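Sequential numbering from 393 applies to the sequence shown in the numbering used here.
A quick write-up on the structure given underneath.
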Amino acid sequence: MNVISFLSSWLKDIVILFILISIAELVMPKGNMKKYVNMVIGLLIIFTIVSPFAKLIKMDFNLDKAVFNYSRSSNSQGESKNNFYAEQEKQIEKVYKEKLGREVTNLIEDNTDYKVLDIEVEILNTEERYGEIDYLNILLGNEEDGAKNKISIDNVVPVEINKNQEHEEISEDSFESLKELIGNSYSVDKDKINIRINEKRKGE
Numbered sequence: 393m394n395v396i397s398f399l400s401s402w403l404k405d406i407v408i409l410f411i412l413i414s415i416a417e418l419v420m421p422k423g424n425m426k427k428y429v430n431m432v433i434g435l436l437i438i439f440t441i442v443s444p445f446a447k448l449i450k451m452d453f454n455l456d457k458a459v460f461n462y463s464r465s466s467n468s469q470g471e472s473k474n475n476f477y478a479e480q481e482k483q484i485e486k487v488y489k490e491k492l493g494r495e496v497t498n499l500i501e502d503n504t505d506y507k508v509l510d511i512e513v514e515i516l517n518t519e520e521r522y523g524e525i526d527y528l529n530i531l532l533g534n535e536e537d538g539a540k541n542k543i544s545i546d547n548v549v550p551v552e553i554n555k556n557q558e559h560e561e562i563s564e565d566s567f568e569s570l571k572e573l574i575g576n577s578y579s580v581d582k583d584k585i586n587i588r589i590n591e592k593r594k595g596e
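This is the structure in structure tokens:
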């Protein structure tokens, strides 16, 4: 029972009661009997006014119970939704970082003679700077021939290594210009850009 139907039924009962009272007063004999009739009418009026409130209290109780059950169901569904949204957010973040990685890779390969073998991108999670690059780990591969007008990477320092080792050490300032290019393009501090080279020795 909703509120509108409740009020409609209540008003209808009151109107019917007062019509019956009016008819009773017309046919009611005068004398002592009138006192008892008036008392009965008074009780009927009180009952007609009060009884709907008892129904309303019962309706409120049932409504509270329904709200409680719905709340429990919503909480259960809410946990599932939260897990779903958390997983969805992880997937979105993963795709976003992969996109940034591809962009940085293209930037490096378009401006240097090196290929990007591996790139690790981490982003900031703070509310003000969410999505900005926090740091980059970049592994470069073999130098390509025939490229011109690209950033040169000098000062490679050869190191004695065994045949199974494929790394060469590089001086600290070798990638300075490349770090500046990436830093200016993505507003990243150069100190948070780590670049390594993994180059096979010729003849291997």
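Quick reminder that beta carbons are idealized off the backbone N, C-alpha and C, glycines included.
Remember, it's a predicted structure, so these values are computed and weren't measured experimentally.
{"Query": "Relative to the C-alpha of L499, which candidate in L409, A416, L412 and I574 has its C-alpha closest?", "Result": "I574"}
{"Query": "May I ask you to report which of helix, strand or coil DSSP gives G434?", "Result": "helix"}
{"Query": "Can you check DSSP and say which residues form a bridge with E508?", "Result": "Residue identity check: residue 508 is Val in the sequence provided, not Glu. L532."}
{"Query": "Are I525 and E514 close, meaning C-beta to C-beta below 9 Å?", "Result": "yes"}
{"Query": "Look up N586 in the DSSP assignment and say whether it is helix, strand or coil.", "Result": "strand"}
{"Query": "Going by other Cβ atoms of all chains shown within 10 Å of its Cβ, with 16 needed for buried, is K404 buried or exposed?", "Result": "exposed"}
{"Query": "From which residue to which residue does the alpha helix (DSSP H) around Y578 run?", "Result": "E568 to Y578"}
{"Query": "Which term fits L412, buried or exposed, when burial requires 16 or more other beta carbons within 10 angstroms of its beta carbon?", "Result": "exposed"}
{"Query": "Write down every uninterrupted run of the alpha helix (DSSP H) in the segment 476–528 whose length is 4 residues or greater and which is fully enclosed by it, in chain order.", "Result": "none"}
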